[in-house]
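FYI, in the UniProt record's numbering the residues of the sequence shown are 1 to 229.
Built from N, CA and C at the ideal position, the CB exists for glycine as well.
Since the structure is predicted, the reported quantities are computational estimates derived from the model, not experimental observations.
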Amino acid sequence: MFGSVSLRELQAFEFEDPEPQHRHVSHLFGLFPGHAITPQHTPDLCSASEKTLVKRGVEGPGWSTVWKTALWARLLKSNKAYEMVKHLFNLVDPAHEGDYEGGVFSNLFTAHPPFQIDANLGFSAAIAEMLVQGTGTDLYLLPALPRDKWPDGCAKGLRVKGGVTLNLCWKQGQLHEVGLWSTEGDSVQQLHYGENMVKASVVSCNVYTFNRNLVCVSTESLSEEGSSC
1 MFGSVSLREL QAFEFEDPEP QHRHVSHLFG LFPGHAITPQ HTPDLCSASE
51 KTLVKRGVEG PGWSTVWKTA LWARLLKSNK AYEMVKHLFN LVDPAHEGDY
101 EGGVFSNLFT AHPPFQIDAN LGFSAAIAEM LVQGTGTDLY LLPALPRDKW
151 PDGCAKGLRV KGGVTLNLCW KQGQLHEVGL WSTEGDSVQQ LHYGENMVKA
201 SVVSCNVYTF NRNLVCVSTE SLSEEGSSC
């Protein structure tokens with residue numbers, strides 16, 4: 001209640017959003033980088049978050065673009081995330097750049113204007129979110145991969161929450177192989193890919209390799225790879 005006015009009555013008021021495509025998305029912190037909003041546990045909040053992002057649109061400076069890329073990835077919307085990636089790589093002429101339009105200069109520094117390093121640093125994090133998402137106990141593999149745009153690829157040395165590192169490869173838009181290990185102590189992870197889920201007990205300094213069906217096909221010691229383990 002606000003005085004004698006209920007929240008329900010406040011929600012019924014008509015109002016005009018003064019700047020629906022504003023570059024800031026701080027109210028979605030719980031979606032990314034936080035984990036308070038997830039498709040698995042809070043689908044209604046994810047639906048609300050999606051409506052916000054649609055209203056915010058594509059335009060915005062580099063740092064906002066990569067944040068929205070990661071947000072779309074957390075919502076498992078691969079095409080939307082890829083759309084933001086494409087927007088980031090719009091070539092900008094420094095002599096004719098506009099305010100808060102984003103894009104990159106010819107040296108790949110991201111435009112604001114002027115140059116801001118936020119987007120350059122955040123870009124790798126956003127791409128990583130498209131390829132793997134970790135909560136500390138769950139690992140979601142290729143959750144927002146734009147399969148028709150990036151049908152084949154590999155990513156190595158991705159660190160996820162919980163001290164786990166992984167390499168993964170995909171072919172024809174589908175998971176091919178994933179290897180994971182930890183040097184920070186033992187860990188138990190639930191691996192998710194599509195409808196498949198398996199529990200993996202990760203013993204420190206061992207490398208576990210799983211195939212596309214999340215079947216563990218090999219276990220090796222990191223010490224055999226020249227690690228300090």
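Measuring only the C-alpha atoms, how far is residue i from residue j?
i: A119; j: S78; result: 19 Å
i: P43; j: G179; result: 30 Å
i: S47; j: G194; result: 20 Å
i: S4; j: L28; result: Confidence in S4 is poor, its pLDDT being 47 and thus under 50, which makes the residue's placement unreliable; the coordinate value appears in the next sentence. Distance between the alpha carbons of S4 and L28 is about 30 Å.
i: G102; j: G30; result: 24 Å
Secondary structure at residue i, three-state DSSP: helix, strand or coil?
i: C205; result: coil
i: R56; result: helix
i: C46; result: helix
i: E129; result: helix
i: D138; result: strand
i: W181; result: strand
i: S78; result: helix
i: K149; result: coil
i: S26; result: helix
i: T38; result: coil
For residue i, which residues in the same chain have their Cβ closer than 6 Å to its Cβ, ignoring the five residues on either side in sequence?
i: S182; result: G163, V164, V202, S204
i: A73; result: A81, E129, M130, A144
i: F109; result: F115
i: R147; result: G173
So, at 7 Å on beta carbons, what are the nonlocal neighbours of residue i in its own chain, with the 5 sequence-adjacent residues on each side left out?
i: T69; result: A81, M84, V85, A126
i: L53; result: K68, L71, W72
Which residue marks the beginning of the beta strand (DSSP E) containing residue i, and which one marks its end?
i: S187; result: 187 to 193
i: A19; result: Here residue 19 is Glu; the residue named in the question, Ala, does not match the sequence. Here E19 belongs to no beta strand (DSSP E), and DSSP marks it neither H nor E.
Spatial neighbours of residue i within its chain, please: CB distance less than 8 Å, with the 5 preceding and 5 following residues excluded, ordered by chain position.
i: residue 247; result: An answer regarding residue 247 cannot be provided, because it is not within the stretch 1 to 229 covered by the chain.
i: V188; result: T137, K199, A200, S201, V202
i: G185; result: G163, S204
| request: Count the C-beta pairs between the region 81 to 101 and the region 153 to 160 that are closer than 8 Å, then say yes if the count reaches three, no if not. | output: Segments in contact, no.
| field | Three-pair Cβ contact test at 8 Å for the region 168 to 177 versus the region 207 to 226 | value | Verdict: yes, contact present.
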